[in-house]
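Residue numbers (the numbering used here), protein chains in the order written: chain A, 27 to 244; chain F, 27 to 244. Beta carbons are placed, not taken as given, at the ideal position from N, Cα and C, and that holds for glycine. For reference, the structure discussed in these notes is given below.
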DNA sequence: CCTACCGATCGGTAGG
DNA sequence: CCTACCGATCGGTAGG
């Protein structure tokens, strides 16, 4: 039901005196947008896209109910931003992790680095973005899906030379392309059951994953 | 907005003459309930629990908007019924598949049967129930989760002796308990990418999965 | 960014 | 099972 029309606002409007704090306002603009993205990521992960209201998100970011629409055209555009942000960060940190490992590392070590990094992105500290991307895919429209898929493809393509090398070396028995799908499935599913509170560390989880996929022993 | 109260129904009520078709009505009662469960499973899988309205479900089952609540106390109770139904069927058909294989089959063949059966349940014909269970878990309340989890635990427990046997034989290198979690992840994730239209058959997919997890060669 | 609001839709119910 | 309906909530907008 709509609020009764008889309620007339009587509180005096707050009059801003002096010049607006322009510099600060402009500096904050990006912060407010980022706060919305972070709040949305968290809520979307916990309650799902359809289960989260824009009012929830606004409140979590310390805003009024209509304010998210000053920054985003729609709830869906906010979801899109969460996924873009998440993929851009994940791709950057994945590239950094590989670079830190060094160019001449053996395939087995490259895979370990990729797996370990992916766990961090999935269930590490403050990692709401990628789970949202993985589990709320259908709520994007076709154009948004295509755009995010391009980022996702880049991220996943990095794994292929590593998997092919292991396949050639006889350490990975399945076809690399299918192996990639299964491996991502196994890792992505940890979102459903892994909780940092248990005894299993991400390092140990990485070790077990390598054992399962490549039978690695040394 | 509510419809204006001024609209007064003028159509004459339809008077049922003679005795109600009692036998037929009772025989149909279960069918109508099943129709709702099947329609709900399909819609929940495609659009998610929160993205599906009870009106959608009613229409898909050929009913009016309020009728689902004659059969189920709430939308959530309908979701619960979908999951129970799905797990009961999956458990029964898994047991049947193992029985058909025979009690003396080697662990590798038992695993192949379990994997192949699980694919059928995930992406085979008319298999909406288990994907809904896997991906709409959070929409159940705590008591419902506990009840469905009992069924799920039974289904998954069947895999453990097989995985332990393979581990003992040195064919599965990861710890069986962690392997189970990763393997279910790899398989459950196929819901996200597998489409029967592609070149990959479920038999071939099963073969590749066994290659990946156990390096099976013969 | 907030205030005030709209139209639509939703889960669910009373009464038959 | 249908009819008719309710109260709540939702995404989004105009105007400042």
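Is the CB of residue i under 8 Å away from at least one CB in chain A?
i	result
residue 215 of chain F	yes
residue 210 of chain F	yes
residue 219 of chain F	yes
residue 134 of chain F	no
residue 200 of chain F	yes
residue 204 of chain F	yes
residue 183 of chain F	no
residue 116 of chain F	no
residue 74 of chain F	yes
residue 173 of chain F	no
residue 128 of chain F	no
residue 241 of chain F	yes
residue 234 of chain F	yes
residue 246 of chain F	Because chain F is modelled from 27 through 244, residue 246 of chain F falls outside the range shown and cannot be assessed.
residue 140 of chain F	no
residue 207 of chain F	yes
residue 49 of chain F	Annotation note: pLDDT 44 at residue 49 of chain F (below 50); position unreliable, coordinate value reported separately. By this cut-off, residue 49 of chain F is not an interface position.
Where do the ends of the alpha helix (DSSP H) carrying residue i lie?
i	result
residue 215 of chain F	Residue 215 of chain F -> no alpha helix (DSSP H), and no H or E assigned at all.
residue 163 of chain A	Taken as a continuous stretch (DSSP letters only), residue 163 of chain A belongs to no alpha helix (DSSP H), as it is neither H nor E.
residue 111 of chain F	101-127
residue 201 of chain F	First-last for residue 201 of chain F: undefined, no H or E at that position.
residue 226 of chain A	No alpha helix (DSSP H) holds residue 226 of chain A; DSSP gives it neither H nor E.
residue 95 of chain A	94-97
residue 82 of chain A	80-86
residue 242 of chain F	Run containing residue 242 of chain F: none; DSSP gives neither H nor E here.
residue 247 of chain A	Nothing about residue 247 of chain A can be read from this structure; chain A reaches only from 27 to 244.
residue 133 of chain F	133-149
Compare the C-beta of residue i with all C-beta atoms of chain F and state if any pair is closer than 8 Å.
i	result
residue 238 of chain A	yes
residue 170 of chain A	no
residue 188 of chain A	no
residue 167 of chain A	no
residue 104 of chain A	no
residue 77 of chain A	yes
residue 222 of chain A	no
residue 227 of chain A	no
residue 33 of chain A	With a pLDDT of 33 at residue 33 of chain A, under the threshold of 50, the modelled position of that residue is not reliable, and the figure given next carries that caveat. Not closer than 8 Å to any Cβ of chain F, the Cβ of residue 33 of chain A fails to qualify, so no.
Examine the ligand ATP and report whether any of its heavy atoms sits within less than 7 Å of the Cβ of residue i.
i	result
residue 119 of chain A	Among the components of this structure there are no ligands whatsoever, and the ligand ATP is therefore not found.
Report yes or no: do the region 63-83 of chain F and the region 143-163 of chain F share at least 3 C-beta pairs separated by less than 8 Å?
-> These segments touch.
Contact between the region 114-132 of chain F and the region 196-209 of chain F: three or more CB pairs below 8 Å?
-> no
Touch check for the region 224-237 of chain F and the region 224-232 of chain A: three-plus C-beta pairs under 8 Å?
-> no
Report yes or no: do the region 166-175 of chain A and the region 201-213 of chain F share at least 3 C-beta pairs separated by less than 8 Å?
-> No, the region 166-175 of chain A is not in contact with the region 201-213 of chain F.
Taking one C-beta from the region 175-192 of chain F and one from the region 114-126 of chain F each time, how about it: are there three or more such pairs within less than 8 Å?
-> yes
Every unbroken beta strand (DSSP E) within the region 170-199 of chain A, with a cutoff of 3 residues, ordered by chain = Within the region 170-199 of chain A, no complete beta strand (DSSP E) run reaches 3 residues.
Decide if the region 94-113 of chain F is in contact with the region 74-85 of chain F; the criterion is three or more beta carbon pairs, one per stretch, under 8 Å apart.
-> yes
Please determine if the region 53-65 of chain F and the region 141-148 of chain F are in contact, where contact requires at least 3 C-beta pairs separated by less than 8 Å.
-> no
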